[in-house]
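Enquirer: Numbering (the UniProt record's numbering), first residue to last: 1 to 78. What follows is a single structure, and I will ask about it in a moment.
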């Protein structure tokens, strides 16, 4: 699983996710409001919070499908 900071950054971009609903590894992020602008904002937030840089060639829409895919990509940079 991931840490609280990751969860907080995700929740800021998921406008359709009720506050009390947990985020699971297979939550479909787009279904809960993650759009292209949200992806950019989330990416910037993750890079700043975790002091990493996602290379352009490593970015794909697929890593933004679920929290687990995004967390795995982030962990690969640490």
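We put the CB at the ideal spot given by N, CA and C, even for glycine.
Using only the alpha-carbon positions, how far apart do residue 36 and residue 77 sit?
Expert: Start at 1 with the first residue of the chain shown, and residue 36 comes out as number 36. Start at 1 with the first residue of the chain shown, and residue 77 comes out as number 77. When rounded, the distance between both Cα atoms is 22 Å.
Enquirer: Taking 8 Å as the cut-off, does the stretch 20-28 touch the stretch 46-53 (at least 3 CB pairs, one atom from each stretch)?
Expert: With the cut-off at 8 Å, the stretch 46-53 and the stretch 20-28 do not touch.
Enquirer: Judging by CA-CA distance, which residue of 59, 45 and 28 is the nearest neighbour of residue 5?
Expert: The residue you call residue 5 lines up with position 5 of the chain shown. For the residues 59, 45 and 28, the minimum Cα distance to residue 5 belongs to 45.
Enquirer: From what residue to what residue does the alpha helix (DSSP H) around residue 71 run?
Expert: Locating residue 71 in the chain shown gives position 71, where the first residue counts as 1. Taken as a continuous stretch (DSSP letters only), the alpha helix (DSSP H) holding residue 71 covers 67-75.
Enquirer: Looking only at its chain, what residues have a beta carbon closer than 6 Å to the beta carbon of residue 2, apart from the 5 residues adjacent to it on each side?
Expert: Position 2 of the chain shown, counted from the start, is the residue given in the question as residue 2. Within the same chain, residue 2 has close Cβ partners 71.
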